[in-house]
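Below: the structure, in structure tokens.
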Amino acid sequence: MNARITEVSKKLYLIALFPPIEGFDDFISVWLYNGSPSFIVDVGPAVTVSQLLTALEDLGVHGLDYVFLTHVHIDHAGGVSDFSAVFPETPVICHPAGIPYLIDPSILWEGSVKTLGNIAYAYEPIKPVLSDRLVNAEDFSPHSVVPILTPGHSPHHVSYQFQEYLFAGEAGGVFTPETGYLRPATPPRFFLETSVQSVDRLIERDSRFICYSHFGMSPNCREMLKKSRNQLFRWERIIGEEIGKYDQDDFLTNCMNRLLQEDPLLSGFSELNPEKRERERYFLKNSIRGFSSAIAHP
Numbered sequence: 000m001n002a003r004i005t006e007v008s009k010k011l012y013l014i015a016l017f018p019p020i021e022g023f024d025d026f027i028s029v030w031l032y033n034g035s036p037s038f039i040v041d042v043g044p045a046v047t048v049s050q051l052l053t054a055l056e057d058l059g060v061h062g063l064d065y066v067f068l069t070h071v072h073i074d075h076a077g078g079v080s081d082f083s084a085v086f087p088e089t090p091v092i093c094h095p096a097g098i099p100y101l102i103d104p105s106i107l108w109e110g111s112v113k114t115l116g117n118i119a120y121a122y123e124p125i126k127p128v129l130s131d132r133l134v135n136a137e138d139f140s141p142h143s144v145v146p147i148l149t150p151g152h153s154p155h156h157v158s159y160q161f162q163e164y165l166f167a168g169e170a171g172g173v174f175t176p177e178t179g180y181l182r183p184a185t186p187p188r189f190f191l192e193t194s195v196q197s198v199d200r201l202i203e204r205d206s207r208f209i210c211y212s213h214f215g216m217s218p219n220c221r222e223m224l225k226k227s228r229n230q231l232f233r234w235e236r237i238i239g240e241e242i243g244k245y246d247q248d249d250f251l252t253n254c255m256n257r258l259l260q261e262d263p264l265l266s267g268f269s270e271l272n273p274e275k276r277e278r279e280r281y282f283l284k285n286s287i288r289g290f291s292s293a294i295a296h297p
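The opening position of the sequence shown corresponds to residue 0 in numbering that gives the first Met the number 0, with each subsequent residue numbered one higher.
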């Protein structure tokens with residue numbers, strides 16, 4: 000399957016990638032700015048690198064100034080080694096805490112398998128990246144693209160501001176444009192205060208457009224970030240009210256059902272097709288695990 004290319008504004012493209020997992024269409028993406036400077040945000044998993052390379056070739060992109068990684072989870076950075084083999088002169092910018100995991104991804108891969116199971120195997124293993132291709136985001140000097148360290152979804156998360164665009168990775172949650180569905184991306188172990196501080200940092204940037212890794216764009220950046228911020232506290236309250244049942248087998252399901260009923264930002268769940276609803280049930284429970292482990296074991 001080929002990637003789907005959408006020009007969302009002048010020189011800015013959303014490249015949708017399609018891993019071989021049911022329900023994961025319109026979920027994995029790469030952002031391309033084909034101007035000056037030229038760059039992509041994230042590369043996707045190893046299994047879809049060929050789709051990305053074909054998309055760039057179709058767009059006439061034969062060189063890039065930068066690759067910006069929002070974080071090193073394998074659905075965002077899993078293909079970076081193979082990609083860098085084709086673009087060896089392009090520096091890869093990422094959080095300093097993520098660099099060791101890219102040079103030696105063995106621990107990252109083990110953690111991915113433990114967390115994602117068969118999904119990780121479908122994404123395919125991440126390969127080592129040559130250290131001289133990696134750049135600490137804190138040391139990145141050009142001012143046209145500004146790295147903003149935003150730990151929360153992961154300790155090694157970075158968002159990027161360019162002109163009126165904010166490439167937020169998963170710092171502002173996971174979005175489905177056609178339904179308005181928005182959920183937190185809070186895998187174990189989640190730290191609420193850290194995540195809120197990161198969202199506040201992004202709100203202060205006052206960007207116009209927010210570009211999600213999962214998925215698409217919204218023209219109301221500040222409004223969407225404030226919704227995400229409020230949602231984090233709503234989840235903390237609802238899951239906190241259920242935490243007395245933490246050791247029960249149906250704890251995650253009960254929390255999920257309450258959230259689907261009481262969180263208005265999840266109302267678009269019912270409009271998703273069955274395959275996407277199944278995907279989201281999995282990730283909803285994973286995000287609930289992040290909150291509940293933090294509440295139960297502070």
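Positions of the beta carbon are idealized from the N, C-alpha and C atoms, including for glycine.
- Assignment of Leu68 by DSSP, reduced to helix, strand and coil, places it in the coil class.
- Nearest neighbour of Arg207 by Cα position, chosen from Val173, Pro218, Ile4, Phe166, turns out to be Pro218.
- In this structure, the CA atom of Asn256 is about 12 Å from the CA atom of Ser269.
- Within the region 80-166, the complete beta strand (DSSP E) runs of at least 3 residues fall at 91-93, 133-135, 144-148, 157-161.
- DSSP places Phe38 in the uninterrupted beta strand (DSSP E) bounded by 37-40.
- Looking from the CA of Ile39, the closest CA among Arg182, Tyr120, Gly151, Ser212 belongs to Ser212.
- A straight line joining the alpha-carbon of Val157 with that of Ile237 spans about 28 Å.
- Classified as exposed, Arg188 has fewer than 16 neighbouring CB atoms from the shown chains inside 10 Å of its CB.
- By the C-beta criterion, the region 173-185 is judged to be in contact with the region 264-284, since at least 3 inter-stretch pairs fall below 8 Å.
- Judged by DSSP secondary structure, Leu63 falls outside any alpha helix (DSSP H); it is assigned neither H nor E.
- Boundaries of the beta strand (DSSP E) harbouring Ala15: 11-16, taken from the DSSP string.
- Burial is judged here by how many other beta carbons sit within 10 angstroms of a residue's own beta carbon; Lys275 has at least 16 and is buried.
- Assigned with DSSP and collapsed to three states, Met0 falls in coil, not helix or strand.
- Per the coordinates, the alpha-carbon of Thr252 lies some 11 Å from the alpha-carbon of Asn285.
- Within its own chain, the residues whose Cβ lies closer than 7 Å to the Cβ of Tyr245, once the five positions on either side in sequence are excluded, are Ser291, Ala295, listed in chain order.
- Taking the Cα of Ile73 as reference, the smallest distance to any Cα among Cys254, Pro154, Glu123, Pro186 is reached at Glu123.
- Judged by DSSP secondary structure, Tyr32 falls within the beta strand (DSSP E) whose first and last residues are 27-33.
- Taking C-beta separations shorter than 7 Å and ignoring five residues to either side along the sequence, the partners of Leu63 in its chain run Ser37, Phe38, Ile39, Phe86, Thr89, following chain order.
- Distance between Val134 and His142, taken at the CA atoms: about 15 Å.
- Judged by beta-carbon spacing, Ile27 lies beyond the 9 Å limit of Ala54, meaning their Cβ atoms are not closer than that value.
- When the alpha-carbon of Ser194 is set against those of Met216, Leu224, Cys220, the nearest one is in Leu224.
- Taking 9 Å as the cut-off, the Cβ atoms of Tyr159 and Pro146 count as close.
- Here Ile209 carries a strand assignment [DSSP, helix/strand/coil].
- Under the three-state reduction of DSSP output, Arg228 falls in the helix class.
- Just measuring C-alpha positions, the residue of Tyr120, Phe166, Cys93, Val29 sitting nearest Leu201 is Phe166.
- Non-local beta-carbon contacts of His94 in its own chain, meaning distances under 6 Å to residues more than five positions away in sequence, involve Ala136, His155, Val157 in chain order.
- Residue burial annotation: Asp41 is buried, with at least 16 other C-beta atoms found within 10 angstroms of its C-beta.
- Val66 is a Cβ neighbour of Ser83, given a cutoff of 9 Å.
- In this structure, the CA atom of Ala45 is about 15 Å from the CA atom of Met0.
- Looking only at Glu6, Pro263, Ser130, the smallest Cα-Cα distance to Val91 is reached by Ser130.
- In the three-state scheme derived from DSSP, where H, G and I count as helix and E and B as strand, Tyr281 is classed as helix.
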